[in-house]
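Peer 1:
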Amino acid sequence: MTMPHHALEIALTRPLSPAALDRAARALPLAANHDTTRLMALVSARTPHRAARRLRHRLGGQLPIDVITTHYPDADHRVLLNIAFPPAVHAVLKDEARRAAQTPERFVELALHRALAEYADQETDRLDRAVRRLLAHANPAYLLSAVGHALTRHPESPTP
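What the sequence shown shows, in my numbering, is residues 9 to 168, in sequence order.
This is how it looks when you write it as structure tokens:
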């Protein structure tokens, strides 16, 4: 039976030099973005968790890895996050998680969910205020037309 491959994205803390990228690519084939701050890899493993651990084990000493994520969401629309916290941060997380009667993984997961929900609320409020300001000075039909035009224009097209 063949082992499944998992597409993993690696976020780096700093760009790589061409030589460092070449050395890492000898250990595991990698694709880099334009400024070598993000890499993609296909890793063979039974589960995404094992794939992320395998990748960190193989490349962790060679690369300034910040976060490893699965590139595609799973069946539950979730993305795996693999973060290696420094020992002091990990100790604080474990202590806070214990106080909240949670595992450190669950504690971080819930904190991320709260932060993302807060960001979504703030962004919705910001856009609502901006639309209200526009509506105070524009005809709603013209505003709707302008929004439709802006959304269908190609980003690289020059503005008239």
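Virtual Cβ for every residue (Gly too), placed ideally from N, Cα, C.
Taking the runs of the alpha helix (DSSP H) that are 4 residues or longer, which of them lie wholly in the region 80 to 142?
Peer 2: 95 to 107
Peer 1: State the start and end residues of the unbroken alpha helix (DSSP H) segment that holds H57.
Peer 2: 56 to 67
Peer 1: Could you check what DSSP says for R161 in three-state terms: helix, strand or coil?
Peer 2: coil
Peer 1: Can you check whether the CB of L38 is closer than 7 Å to the CB of L24?
Peer 2: Taking 7 Å as the cut-off, the Cβ atoms of L24 and L38 do not count as close.
Peer 1: Give the DSSP bridge partners of A15, in chain order.
Peer 2: L50
Peer 1: Output needed for L151: all residues of its chain with C-beta closer than 6 Å, excluding positions within five of it in sequence on either side, in chain order.
Peer 2: Excluding the 5 residues flanking it on each side, L151 has same chain C-beta neighbours closer than 6 Å at L142, in chain order.
Peer 1: Between V116 and G68, what straight-line distance do the alpha-carbon atoms span, to the nearest angstrom?
Peer 2: Their backbone Cα atoms lie some 21 Å apart in a straight line.
Peer 1: Hey, how far is the Cα of P148 from the Cα of V155?
Peer 2: 10 Å
Peer 1: Any chance the region 50 to 67 sits against the region 96 to 106, with 3 or more Cβ pairs inside 8 Å?
Peer 2: no
Peer 1: Indicate the three-state DSSP secondary structure (helix, strand or coil) for L24 in the structure shown.
Peer 2: coil
Peer 1: What separation, rounded to the nearest whole angstrom, lies between the Cα atoms of V139 and R122?
Peer 2: 26 Å
Peer 1: Of the residues I18, H57, R64, L29, which one's Cα is nearest the Cα of D82?
Peer 2: H57
Peer 1: Mark H42 as exposed unless 16 or more other C-beta atoms lie within 10 angstroms of its C-beta, in which case mark it buried.
Peer 2: The residue is exposed, with fewer than 16 neighbouring Cβ atoms inside 10 Å.
Peer 1: Please work out which residues of its chain come closer than 7 Å, Cβ to Cβ, to L32, disregarding the five sequence neighbours upstream and downstream, and give them in chain order.
Peer 2: It should be pointed out that residue 32 corresponds to Ala in this sequence rather than to Leu. Within the same chain, A32 has close Cβ partners L38, L67, Q70, L71.
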